[in-house]
Every structure is written in C-alpha cells, then in structure tokens.
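Okay, structure first, notes after.
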Amino acid sequence: MSLVSALIWLPFIGAIVTFVLGKRNEKLAFWSAYLTSGLLFVFALITFVGFSEPIVIETTWFSYGEIVVPFGFYIDSLALVMLLIATGLGFLDIHFSHDYMASDPHQPRYYAKVLFFIGGMIVLVSAKELTGAFVGWELMGLASYWLISFWHHQKAPADAGVSAFLFTKMGDIFLFAAMGLLFVAAGSFDFQTLNALATQGTIHPTLLYTVALFIFIAAIGKSGQFPLFPWLMRAMEGPTTVSALIHGATMVNSGIYIVARLFDFYVASQTLLIIAGVGALSAFIGASSALVQKEMKKILAYSTMSHLSLAFIGLGAGSLAMGMAHLTNHAIFKALLFLSAGAVIMSAAHTKDIFKLGGLERKMPLVALFMLVGAMSLSGIPPFSGFFSKDAIIASTIANTSTLIATFTFVAGLLSIAYITRLWVMLFLGTPRNETIYHKTTAPSNFWIALPLGIMAALTLLMGFYQEELKHFIDAKEAHEAHMGWLMPLLFVLMALLVGVVYLFYFRRADVRDKLAAQPLMKSIHQVLFNGYYIEKMIFWFAHTMVVQGIARAIFWFDRYVVDAFIDAVPKIAKSITDTLGKTHNVAVGYQSSVMLLGVVIVLFVLLLKGLV
Amino acid sequence: MIWLIFLPLLIAPLLYLIFGKTPMVKYFTLGYFVFLLLESFALLGTTPPSGYLELGSFLSVEAFDFVLDLRIDYLSAIMLILTSALLVLVTLSSWSQMSASYFALLLFFSGPIFGVFATTNLLWFFIFWELTLVPMYFLVGIWGGERRIYAAVKFFLYTHVASMLILLAFFILYKESGYFDITMIKESMIGSASLVWWLLFIGFAVKMPIFPFHTWLPDAHVQAPAPISVLLAGVLLKMGAYAMIRFAILLLPHQAQNFAIVMVVLGVITLVYAGFMALYETHLKKMIAYSSISHMGLVLIAIATLSFDGLGAALYEMIAHAFIISPLFLIAGILHHKTGSWQMHDMGGLMQKAPYLSAVFVIAGLGALGMPFTMGFIGEFTILISAIKSFGYPLALIALGSIIAASYMIWSYRRVIYGELSALVAQSDFRLGGVEFGALVIFALVIVILGIFPHLIFESINTAFAQFVGGAL
Amino acid sequence: MSAFVILSLFALLSFAIEPLNRLKLFAVIGLMVALFLSYQGCAVILSGFDATPQVSFFEMIVFIVMIAVVLHEQEGINITQLLFIGAASTLLLQSQTLLSFILSFEALSILSMILVAFIQTKEEADGAIKLFIAGAIATALIFMGAGLYALDGHSLLQGIEMPHTPLGHIGLWLIVLALFYKLTIVPMHSWAIDSYANLSPTHTAILSAITKSVAAIALFGIYQDYLVEAGIINLYALIVFALITMTLGNFLALFTQRLTQILAYSSIAQAGYLLLALVAAQSQHASSGILYMAVAYIFMQSSLFLMVGVLGKKPTHLTLKDIQGLHHQDKLTALLMTLQLFSLAGIPLLAGFLGKAVLFYAVVDAGFYIVAFIALLNSALSVGYYAWIIKEIYFEKQTHPMELSITQTSRVAQLILLLGTLYFGIFAYTVFAYA
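Protein chains in written order, with the working numbering: chain A, 39 to 651; chain B, 715 to 1187; chain C, 124 to 558.
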C-alpha cells in the first residue's frame, strides 16, 4: 500500500525536486531524475515480484452534495505490466538522455517534465476509477504538450505542441462526457464495477454503446488512430527521447490501456468490431504512409500508429491478452527503435533525413545491430517478440472478423517489414550520401547510449520466449488462439519478397526507383501517402475554416453587430428622441403661454370626453 | 459587522480628501483587508451549520420593514472569505499604484460588498448592491485604458438598468408578502411569483453575465486596470451568481423549477457562445473576458440543476473561476503595460523573457481549460455530473465547452508565451515588483492546491447547502 | 406664535439691517426660532390652518435648507425675500381649506415673482418674464377653478368635498393644472426650462427646490382624499402627466451641455416623480413617499444650484466642458457635487434613493406595476446624464482652471445640505416617524 502511494507521489515530488535542484546545478537535475526513475522502476519491480492478487486502495477524493468522488488505486496484472513498461522504459530513457540532452541549456525543465509525464502514466494505469484515470490521462496529455514543444522558442515544436494537445483533447472531451454519463447511468466510476454492470446488462444498451464509443474516441485521440493521428507525426518535433517515451513507454499506450481496462464493458457493448475496423484502417494508413517518409522519426511515428492499430485490432478481435501482448512488445521495440534513431540523429550532427545518411554501420556498429533487432521484432521475424503477437493478431482477424478488416490488417502487418527495412538499409548500408555529415558522425558513448539500447534489444529477444507467460499473466482466462497453418509460410514468403524489393530499390538500383517515382500516377500516390492521406489538412481545414473562420466568426459578427450594436444604439435612439422632443421647445414667451393654455384645454376636453364627470 | 460595512464608507472619503500620493494609505488598506480576511474566517467559524448567525438589527423602520438585519449563513460566510481574500490579493497586485484615492475607493468597495453578503433585508441588499457600482465606476473611469469612459459609463448604466428590474421585483415581493426580509418571505405568499422570478433572473443575469446581457463585460474588463478586472470578475460577477442562488433559486424554488430549462439553455448558450467569441478574439484581455463569461455559463447551468450537489458545484466553480481568471487578467494587464499592445500576435516568446510570469499564466490557463489538479477541472467535472443527473444525457454537451476552452487557451499560449521571440517582447522589460509577483504566485498555488485537495473547501460548501436538502428543492 | 409670524417679522425687520454679515446672522436666528416653533408644532392661528406632524416636520426641513441658503447668499435683498418665502411656505403647508390653500399659494407665487424681479442681466430678465407670464396664467386658472368649484355649491372654507356636478370636477382640475405650473409638470413646464436655466442660481435654488417641494406637499395634502374617492380615471390622467413629465425632462437633459439647463430639465423630471405620489394616493405609503421624496429633493436640488452659483463669474453660462477635471482643483467641491448628483440619480445611501424608493414603492403598492417600472427606467435614464457630469468632473483632464468664488460660509451651507442628504439616506425612521 505504501509502495503504491510512493509510486504515485514520487514522480511529482521528484519533478519538483529535480527542477529546484537543477536550477542550482544543471548536473543535479539529471541525477535527481535518474534516481527518481530508478526508484520508481524498483518499486514497480518489487510490486511485480510480490504480486499475487490485485492491490486495492479505496480513497475518497472529495464529496459534494450527496455525490462521492473516489480516487482509488487498483493494481492488477494488467496495470502492473503497464507500470513496468512505463517505469522501466522511462528509466532507460532518462539514462539515455544523459548524453542526448547533454548540451541542452534547459535540463532541469526537461527532466522535471519527463518525471511528470511518467507520473501521469502511473496515475492513469493504477487508477481504480475513471476519475483517477482521467486525471492521469489529462496530466499526461499536458506533459506531452510540454515535452513536444520543449524547444518552444522555435516555431515548429510550438505548433506541434498545440496540435498534440488539441487533437488529444478532442478525444478527451468524449471521455469526460462518458464519465458523466456513466456515473449518472451506472452510479459508479469504478472500472471493475462498470465491467460487472455491463456484463450483467444493467446499463441500457444504447447508452452502453454510446459510452463505449465515446471512450473509444478518446482512445483514438491518445493512441493516434484514424482520424486523430496527425499529432503523432507532428510530435516528432520534440526531443527524440521524448518521442521514445510518448510512442513507446507511455502516452500512446494509454488509449489501448483504457479499452483493455474496460474490456468486459466493451465486449458487452458490442463495439469491438468498430474498434477492429478503425484499427485496421489506421493500421493500413500508418503502414502505407510509413513507406514513403523521408525523416526517420516520421517513419517510426507512422509505424507506431500502425502497430498500435494492431493492438486495437487484437482487442477488437476479442482477445485482451493478444492486444496487450502486442502493446507490450511494441512498447519495448519501439522505444528501442526510437532511441536508436536518436542515437543516430545525435551522432550524425542532428540529421533526420534518411536520404542524407547511409553507411553508418561502419561508424556505429553496436547501434546498427540493436536497431536491427528492433526492426526484426517490428517486422515479425522469429524469434523476436513482435513475431508472436503480430502473427497471432493477423490470424485472429482472419478467424474472427470480416474479410475487409483482415485484409487491411494483413497488408499493414506485411508492410512493416518493407518500411523498416527501408529505414535500416538507408541508414546503415551503402555509401554515405552526404560526405560532410558522414565525417562529422562520431560513435556514441557505450555506457550512456549503447547500453540502454542493448538492454532493450535483449529484452526484445527475451520476451519472444515468454509470450505465453505474458499473455497468461495479463489475462489468465485467455481463450484458445486461432492457428492457421498456411498463414505463417505465406507471410514469410511475402516478407522475403518485400525485403528483396526494398533491398533492390534502395540499395542496388536506386535509379529504377527514381524512374518509377517520376511517373505521374506514382507521384500522386506518393504525395497522398507522404502527407498521411491529407487527413491533417482536412482536419485543419475543418477546424480553421469551418469552426474558427466560420462559426466563431459568425458568432463574433453577431455579437458585435447585433447584440452589442443594440446596446450601443441606445444612446443614438435617445439622442433622436431628445432631438424630436427638443423641436417642440420654443423659447418665445407667447408660444410657451399658448402651449400652456392649449395643454389645459386638451386636458379638460379629454377628461370630459372620457366621462370623468 | 455593521462597522465592517459602514466604517470603510466613512474613512474612504476622508482618505481621499486628506491624502494625495502616499504609501501610507496603501499599507492601511492592506492591513484592513487582511483583518477582513481573518474576520471572515472567524465568522465562518462561528456560523452555525444550519440557520443564520445573527449579527443584529439596525436602523429599523417598522412601517416600511426597512431594517438592516445582519445575519450570515454558510453561503454568505464563504462569499465573505472569497471576497476578502480577493481584496487582499487585489491590493497586493496594485502595489505599484501610488494614488491614495485608488486605495480609498478599494476600501470604500469593501463596505457595501460585505453588506451584500451579510444582510437578509431585500432593500438593504439592494442598497449595498447598487453601492458597489460607485467605486467601480470611478476605478474604471479614472484608471482605465483608452476607452475607459465609454466602458465605465456603459458598465454603470447597463448594470443600473438591470438593478431597476431587481428593485421592482423586491417591491412586488414586499407588496405581496409584507416583508422585505427574506427569512420571512415564503414563496406561497407571492401571487405574481413568476413575474418576480423573471425580473430577478434578468437583473442578476446581467451581472453574472449571461447571454444576451453580457456585452458590458468585455468593455469594462478590458478598459479597467488589471486589478480592477480582478475585482469585477472575482467579486462583482460572483455577487450576481450569489444573488441568483439566494433570491432567484432559494427564495423562489418553485418558479426556479418551472424555469430551470430556461436557465440551463441560456447557460449552455453562454458557455458555447462566449467560448467561440474567445476563440476568434485576438485581443488578449478580451479573450480572457470572454473566457470568464463562458465559465459563468457553467455556473448558471450548475445553479439551474437546483440540487444539493449542483449548487455546491456552482459555488465551487464560482470560487475556482475567481482564482483562475484573476491571474489571467493581471498578467494580461502586465503584458499590456510592458509592451503597449493587447494583440496576441504582437507577442510571442514570453517564456524566454519571463519564464515565471509565463508559468503562472500557464497554470491559470490550465485552470480555465479544466486541467485536472487545478480548480477548473473540479468545477467542470462536478457541474457535468450534476447537470447530467438533473437534466439527462444531452447535457453531456457541456464537455464541448472544454475543447473550446482548450482551443483558445492553448492557442493563446502559442501566440503569447511560446514561439519565436517577437520584437515587442524582446525590447520590453518584464521585471515585476516582488509584491505583485507574490500575489500571482498565491493565485497559482491556490488554483493547484484546491484543485488537488478540493475537499478542503467542499466541506464548507456542502454545509452551506445541506440545509436546503429536503426543502422545496 | 407660529413660524409664519416670526418669519414675517424678521423679514420686515431685515430691511433695516446692514451689513450683510449681520443680516445673515439675523436671518439665521429668525429661521432658528421658526425651526424651533415648527418643532413645537405651532400652527398659524387663523381658521383654515393647522400643523400636522408631517407639515411641521417639513417646515423644519425647509427652514434648515433656508439657513443653508442664507449662509450661502451674498445679496442682502435675496435674504429678505427668502424670509418672506419662508413665511408663505409655512402658510401653504399648513393650509387645510381650499381657500387658505389658494391664498397661500398666491402669496407664494407673488413672492416668487418679486424674488426674481431682482434682475441684473438680460438673461435673468428673460427668465423672470417667462416666470411672470406663466404665473399670471396659473393665477387665472386657479381662480377660475375655485370659482367653478364654488358654483358647484361647495364652501371654500373647508377641505375638498366630492363635487356634485362636472362643473366641480373641472374646477378642481383647473386648480391642479394651476399647481402644475409651480410643479413644472407638462404642459405647464416650458417656462421653467428657461427660467431655471437663466435666473441667478440662488433664485433657482429657492424656486425649484423650496417652493416646488412645498407646493407638492401642499397639493398632496389637500387633494389626497379627493383622488382616493374620485375614481380611477383621475389617476390615469395623473399617470399620463407624471410619465410624460419625467420622460421629457430626462430625455431633454440627456444631451444638454449647459449645466444649469441640465439641472432645469432634471428638476422637471423630478417633478414627474413627485406627481407619482398623487397617482399612488390610495396607498398608505403615498404620504411618506412624497414627504421623503420632497425632503430628499429639497436638499439635493438646492445644494446643486447653490454650488453651480459659485463655480464662476457667469454660472448660468457654464457648460460641461468648463467643469472638466474639477477634482484636480477642488477636491471637496467635486466630492460634494458628486454626492448630490448621485443622490439625484438615486444611488443608495443618499436621500435621493430612499425618496424614490419609498415613492415608487407607493406606486407599486397602489397596484401600478407598469407605472413604477417606467418610473424606474426613467430613473435609470437620468443616471445617464448625472453620471456624465461626474465623468466630466473626475475622468477628464482640466484644460483651464475655473474661477471659484467659494466662501467659508457657503462651504458650511453645502455641508449642511450634504448632511441632510446623507442623514436621510441612512436614517429613514426620522421621516417615517412624521409621515
């Protein structure tokens, strides 16, 4: 119990301490954060080791009227897995930051925000009720906003932060509304209670369906699914360590986590197919867009989107453990990939464009090796962890969902290998495309940079052997998995084919690729893919042209020229009344006297006429 | 208590006549307000959980039921604490102001505002209600911005016209019940209760303000000096909401029940409408002013629920709004003072020049957009639940306000404090006096602390409305 | 001995007293004695006159205000006139029969004419003549009315009875219309616009503040019973007069630039409010309403006219531009003026608010909600120009300093008047005790 409170409070207190200490001495910031995150991981590990049954802490946050708002904690295996990911990868990330952020003048701020970020995730995953989860959910959104626009003095990161915040917030309001609806309908914020109530059918089906969709929309926002994904790519403006944290350890997992947390609820609400459908579409968009990106971080970002979709599809196909297993695997190998990319960027004079790099394998063999491990896991090559979860998901879509969803998933899964091979080949093989950058490139530190990569690579490999245990740990009552004998050979053949094509296009015969790309049709396809199917442009158009320049402007006009103009017209009306009245006022004495008498006569006449007397 | 009301009224003119520019008046005012704050806490401590704390009757005119009955309940006591806390903070924020008359007017203001919350006699309530306008008129008119005269006169007249409706309503109440004292009036005595309700509602809606009676507010807030905007938003608007609760709701619960739908519709319109206004606005302080209106829409929705929890939520949101919107106004004022511009696109990169000032702006802004662990979230959250509970599922629509608020706030961060350093910001010096900055820090701390530990004030708030449970509501 | 005798005596003797300071002292003593006698409730010992507590109270108020005027005044002849007017006011207030009422009213009317006959400038002549002609018409009307009423077969030596025939009603209405002249009710108002604006401010203070409120109280006293009995149509007619008067006065004042003219219009508007007391005659609060309103009005109106009088060489020419930034020059005057203006505007804790509040409540009490509402809106409208004057005093920069001619005694006079405005703004039971 005290361990849980420590887990909750430590990151926030640590963040403040880090900031204050860091303001005195830059170096202290790192060590403070390092120590804090290390402790967090140790706490999580201790909890894991001693875990036998869910830890439940019930507390009341506040009560108003007759409504009691709880803020309890509930740590079961699902939460524990997320905790381990968040704290473990967070720790490695901070370790990696030692070198990566070494030259940054704002380290205290950086480390404080990272700890805050991890803290948000911890609150989210250990919350017992929707309220607590929402708090963590929003705090993390805030931290991601701060971290993405960490270099806020530049235009691009500042803009990226805005879009990250608003895209996710667009989803969040649905979670917010869902909270209210659920509380009124079911009388509880508690996840377990809600699951139970939904399963029993106590909640009205329509409401259940709506709320499930609402929460899923929030998850779409946080986990970067169609159509709220563009912020994921914009988020690449932040430091790469932050990208690793967002895309690997914390933020994007939260959407999937909340659906997983309410899995029984979702099963009862019959929305799983929608989840799988949105997931499949997103997976395809992500994978296909990743094929043509130039920046290595954007490739990884689209890949994140695509793989999170796979996790969603796993859930949507009806298996909690499958989805969560893929999420876990993905968290590790994606953090590995991002940090490897970070290592490359850092070493190669902050170049992100893969077309300017190449042949780096000679400069940093260790990084190349570790990244290869991550890439293979992502592609789904045995015995790396990604293979098991990804193939299982594809198999279960074919078995459990519609053909369309299965096809999209299949293609998306397959394309992983293409874009990741492309990335790896472009970075590490061949001849350097830009000599100056190549010469500036220096091998990164072994301890601070390569070590965390190595640990993650080892984990990726190791996790491959513990997939069944992982699934069992997450969900003990996991149902029988779909197995398709023909699927795996087919996948392998196609994957080999794709690797061949990529190898050919990007390594041997770049001229053929360029010729092909010059075709008008290919060019426009390329454009569509490169811009992420123009979804961002459309949303921006809607938000800017329709909402701000349309609705807001119309209201603004209405307020100024109707509501306020009405008030401002009052003096004018008064003035015209005054002028009219003023005309009746003549200064001549005789006139005035006549008016007096006329008045008398009229008054008497009227009174008589009215039958006064 | 009677001296808390009348002593400032006596002293303030003397300070004006005797002193010109002297820091002594400033210290005196601060000292007095701190005393008021302590006194308000003491009053809360002695107020019984249900019923009134009797503080005496004065100036009795039996023939007209014109008696200055001073009695406070929990609701009043909470408002008194909020008011005096804000008065202290406003004084601190005005520390660079040297004119004795300015502080004399602040002092003057403290008298009637205490009277508003402390009397149960309708006519005396009205007297104090109107009297609060007077110092505001001068504060806006003398120390305001470029269009201060327009703003001051508009504010004065607009709210005065609204007051006339209130006065008429009070007259009708007296005629039909025979009492000016709300503790004696029962709704069943009132024949034309619905007429009275409408008069009161419109009268108070102007003060809150609620669409379509809101247009005085952006002008008054923008032209007022920043600390006075704080008074307007933190105290005067709250006075409107308080009166709405006390007279339109608690005094006439059945009418309120009948017209709850009107209130909730207007509340939602205000929330969304003002939100969109803020979204389109490029003038920093106007944007904040619209944000303020938008939040008062939320308060009205909460009031309209007419439930124990809804009224509690309304009171919490009122307090939250006071603390959230105040630092925003203050910082907007500082920015204008230092850069000479109100336009957000003229600014940018403030974080690089004045990180701590920006941090307070960010925290307050997060409060406005409803970030958890700030007071704003608790307010929105409790109101959302209460509204859905009372009016059904469609009220989940309130969540929309949250994204609108997030849009204008985050976008204002982008334009003002993040991004590249603008020329205007680069050449300005944002150093602040320690006292002024201290006031800002207190605001930020309150926003966060009461956002994390809302039960600290919800206990008192629940007590304030507990006595109305099981009544007509 | 009544205040009437004392004041007449002092007025006659005052011709012989010089210099000014001694005259002032003398007049103040006379008024003090009158005040004391009124406090004792002494009535004029003639048939047809009686002093009810309400009347005695209002006499006291009138004498207090007169003391202030005396202290303020620099012209000996005006002080003498004032004492005469004080005597006539006592008569008018105490009159109980129609005849005594008519006679006292005529006395007051003539004294007013004599007062303004002290002409120094061409404009004053303009104002005086207008007042004179209007007064003549009113006198004619009042006698016609009295005649018709007598023809209807009633004695003038008692209070008003219900007339038997239309003739009597017309007679009574003619008297009311004549009184409208003094009260400046539309349509008998137009002389006042010029007279009030052009006459010397002291004269205006006496005319618009003192004689007007005295006439209003007296009219209410003698007509109340008749109005309660005579049927609703009378009240409707009065409502029309009252509303038109206040609306016209307020609108005309709204965009006027000349200070005395604004005050003149405002005085007309206030007359509209006073008339509401007659509308509300059937309410038990009507008498306290008009008394309160009159008390408040007499203090604030006289204070403002007297104050304008010392604001420059040619006070009637002052425009809003001239008083801009006054508070830079003289904080006290600015504050006094502001308080009195706020009182006129009906801002609380000043007598003007309670006056209006009680009076308008009487209208509500009589059942005329809409009338009260229009009156309240009028009051709000009037804030427009009062607040605008205050805006000039405080919010604008002073372009050129004013030539103030404020003496110590006039300061004292202003403080007396302010005290009245403040006292009756807070301690309402005093008025209610006498109403």
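Every residue, glycine too, gets a C-beta built ideally from N, C-alpha and C.
Small disclaimer: the values here were computed from a predicted structure and weren't measured.
Checklist line | Between the CA atoms of Trp314 (chain C) and Gly250 (chain C) - distance to the nearest angstrom | finding: Within the third sequence, residue 250 (chain C) is the residue found at index 127, counting from 1. Within the third sequence, residue 314 (chain C) is the residue found at index 191, counting from 1. Going by the C-alpha atoms only, they are around 8 Å apart.
Notebook entry, point to check: Roughly how many angstroms lie between the CA atoms of Ile1124 (chain B) and Ala386 (chain A), to the nearest whole one?
Noted result: Translated into positions along the second sequence, residue 1124 (chain B) becomes position 410. Translated into positions along the first sequence, residue 386 (chain A) becomes position 348. Distance between the alpha carbons of Ile1124 (chain B) and Ala386 (chain A): 34 Å.
Notebook entry, point to check: Mind listing which residues of the region 604 to 619 of chain A have their C-beta closer than 7 Å to chain C's C-betas, in chain order?
Noted result: Ala612, Lys613, Ile615, Thr616, Leu619
Notebook entry, point to check: Do Ser426 (chain C) and Gln463 (chain C) come within 9 Å of each other at the CB atom, strictly closer than that value?
Noted result: Indexing the third sequence from 1 puts residue 463 (chain C) at position 340. Indexing the third sequence from 1 puts residue 426 (chain C) at position 303. In contact: Gln463 (chain C) and Ser426 (chain C) (Cβ atoms closer than 9 Å).
Margin query: Between the region 1043 to 1063 of chain B and the region 1132 to 1150 of chain B, can you find at least three pairs of beta-carbon atoms closer than 8 Å?
Written below: yes
Note to self: For a contact defined as C-beta to C-beta under 7 Å, what are the partners of Gly637 (chain A) on chain C?
What the structure shows: In the first sequence, the residue the question calls residue 637 (chain A) occupies position 599. The answer, in chain order, is Pro310, Met311.
Item checked: Where Leu264 (chain C) meets chain A, residues with beta-carbon distance less than 8 Å -> Locating residue 264 (chain C) in the third sequence gives position 141, where the first residue counts as 1. Here the neighbours are Val638.
Next item on the list: Identify each residue in the region 185 to 211 of chain A for which the Cβ-Cβ distance to at least one residue of chain B is less than 9 Å, and report them in chain order.
Entry: Ser187, His190, His191, Gln192, Lys193, Pro195, Ala196, Asp197, Gly199, Val200, Phe203, Leu204, Lys207, Met208, Asp210, Ile211
Next item on the list: Keeping to the same chain, check which residues put their C-beta closer than 6 Å to that of Phe79 (chain A); ignore five residues upstream and five downstream.
Entry: Stepping through the first sequence from its first residue, residue 79 (chain A) is reached at position 41. Only Thr125, Gly126, Phe129 meet the Cβ criterion.
Notebook entry, point to check: Looking at the C-beta of Leu371 (chain C), does it have a partner C-beta in chain A at a distance below 9 Å?
Noted result: For this step, residue 371 (chain C) is matched to residue 248 along the third sequence. So yes, Leu371 (chain C) belongs to the interface.
Note to self: What are the residues in the region 284 to 304 of chain C lying within 7 Å of chain A by C-beta distance?
What the structure shows: Pro289, His292, Ile293, Trp296, Leu300
Item checked: Unbroken alpha helix (DSSP H) run spanning Phe393 (chain A), endpoints -> Locating residue 393 (chain A) in the first sequence gives position 355, counting from the first residue. Counting along the chain, Phe393 (chain A) falls outside any alpha helix (DSSP H), and DSSP gives it neither H nor E.
Item checked: DSSP state of His190 (chain A) mapped onto helix, strand, coil -> Stepping through the first sequence from its first residue, residue 190 (chain A) is reached at position 152. Three-state result, His190 (chain A): coil.
Note to self: For Arg862 (chain B), would you say it is in contact with chain A, using Cβ-to-Cβ distances shorter than 9 Å as the test?
What the structure shows: Indexing the second sequence from 1 puts residue 862 (chain B) at position 148. Answer no: the Cβ-Cβ gap between Arg862 (chain B) and chain A never drops below 9 Å.
Check: Could you check where the beta strand (DSSP E) with Asp783 (chain B) kicks off and where it finishes?
Finding: As a working note, residue 783 (chain B) is residue 69 in the second sequence. Segment 780 to 786, the beta strand (DSSP E) holding Asp783 (chain B).
Check: Around the Cβ of Val639 (chain A), are there at least 16 other Cβ atoms within 10 angstroms (buried) or fewer (exposed)?
Finding: Here residue 639 (chain A) corresponds to residue number 601 of the first sequence, with the count starting at 1. Exposed, by the Cβ-count rule.
Item checked: chain B residues whose Cβ lies nearer than 7 Å to that of Gly218 (chain A) -> Here residue 218 (chain A) is taken as the residue at index 180 of the first sequence, counted from 1. Near Gly218 (chain A) (Cβ distances below 7 Å), the residues of chain B are Leu1098, Ile1099, Ile1102, Ala1110.
Next item on the list: Using 10 angstroms around the beta-carbon of Met1058 (chain B), count the other beta-carbons present and answer buried if the total reaches 16, otherwise exposed.
Entry: As a position in the second sequence, residue 1058 (chain B) is number 344, starting the count at 1. It is buried - the Cβ of Met1058 (chain B) has at least 16 other Cβ atoms within 10 Å.
Check: Does DSSP put Tyr102 (chain A) in a helix, in a strand, or in coil?
Finding: Locating residue 102 (chain A) in the first sequence gives position 64, where the first residue counts as 1. In this structure, Tyr102 (chain A) counts as strand in the three-state DSSP scheme.
Note to self: Ala321 (chain A) and Leu338 (chain A) - do their beta-carbons sit closer together than 9 Å?
What the structure shows: Your numbering for residue 338 (chain A) matches position 300 in the first sequence. Your numbering for residue 321 (chain A) matches position 283 in the first sequence. Not a contact, by the Cβ cut-off of 9 Å.
Next item on the list: With DSSP as the reference, label Pro722 (chain B) as helix, strand or coil.
Entry: In the second sequence, the residue the question calls residue 722 (chain B) occupies position 8. Helix, per DSSP.
Margin query: DSSP three-state label for Glu167 (chain A), please.
Written below: Position 129 of the first sequence, counted from the first residue, corresponds to residue 167 (chain A). Three-state DSSP puts Glu167 (chain A) in a strand.
Notebook entry, point to check: Should the region 1030 to 1049 of chain B be regarded as contacting the region 981 to 999 of chain B, the criterion being three or more beta carbon pairs within less than 8 Å?
Noted result: yes
Margin query: To the nearest angstrom, how far is the alpha carbon of Ile1171 (chain B) from that of Thr445 (chain A)?
Written below: If you number the second sequence from 1, residue 1171 (chain B) lands on position 457. If you number the first sequence from 1, residue 445 (chain A) lands on position 407. The straight-line gap from Cα to Cα measures roughly 56 Å.
Check: Between the beta-carbon of Phe778 (chain B) and the beta-carbon of Tyr484 (chain C), is there less than 9 Å?
Finding: Within the second sequence, numbered from 1, the residue matching residue 778 (chain B) stands at position 64. Within the third sequence, numbered from 1, the residue matching residue 484 (chain C) stands at position 361. Contact flag set, yes.
Next item on the list: Counting only the same chain and skipping the five closest in sequence on each side, list residues whose C-beta sits under 6 Å from that of Ala406 (chain A).
Entry: Within the first sequence, residue 406 (chain A) is the residue found at index 368, counting from 1. The answer, listed in chain order, is Glu399, Phe466.
Checklist line | Where Pro849 (chain B) meets chain C, residues with beta-carbon distance less than 9 Å | finding: Taking the second sequence and counting its residues from 1, the one referred to as residue 849 (chain B) is at position 135. Within chain C, no residue comes near Pro849 (chain B); the closest Cβ sits about 11 Å away, beyond 9 Å.
Margin query: On the DSSP bridge list, what partners appear for Arg546 (chain A)?
Written below: Start at 1 with the first residue of the first sequence, and residue 546 (chain A) comes out as number 508. Answer by DSSP bridge pairing: none, since Arg546 (chain A) is not bridged.
Item checked: Per DSSP, cross-strand counterpart(s) of Pro108 (chain A) -> In the first sequence, residue 108 (chain A) corresponds to position 70, counting from 1. According to DSSP, which records beta bridges pairwise, Pro108 (chain A) is partnered with A:Thr98.
Next item on the list: Using a Cβ cut-off of 9 Å (strictly closer), state whether Pro727 (chain B) contacts chain C.
Entry: In the second sequence, residue 727 (chain B) corresponds to position 13, counting from 1. Yes, Pro727 (chain B) counts as interfacial toward chain C.
Notebook entry, point to check: Closest by CA to Met1089 (chain B), which one among A:Gly356, A:Phe100, A:Ala273, A:Asp302?
Noted result: Position 375 of the second sequence, counted from the start, is the residue given in the question as residue 1089 (chain B). Met1089 (chain B) has its Cα closest to that of A:Phe100, out of A:Gly356, A:Phe100, A:Ala273, A:Asp302.
Note to self: Does any residue of chain A have a CB that is nearer than 9 Å to the CB of Ala273 (chain C)?
What the structure shows: Position 150 of the third sequence, counted from the start, is the residue given in the question as residue 273 (chain C). Not an interface residue.
Check: Is there contact between the region 521 to 531 of chain A and the region 387 to 394 of chain A, where contact requires at least three CB pairs shorter than 8 Å?
Finding: no
Note to self: Let me confirm a value: Met903 (chain B) is counted as buried when at least 16 other C-beta atoms fall within 10 Å, else exposed. Which label applies?
What the structure shows: As a first step, residue 903 (chain B) is located in the second sequence; it is residue number 189 there, counting from the start. Met903 (chain B) comes out exposed.
Check: Between B:Leu965, B:Thr1053, B:Pro923, which lies nearest to Met1032 (chain B) when the distance is taken from Cα to Cα?
Finding: Reading the second sequence from its first residue, position 318 is the one you call residue 1032 (chain B). The candidate whose alpha carbon is nearest that of Met1032 (chain B) is B:Pro923.
Item checked: Pro324 (chain C) to Val156 (chain C) span [Cα, whole Å] -> Within the third sequence, residue 324 (chain C) is the residue found at index 201, counting from 1. Within the third sequence, residue 156 (chain C) is the residue found at index 33, counting from 1. The straight-line gap from Cα to Cα measures roughly 27 Å.
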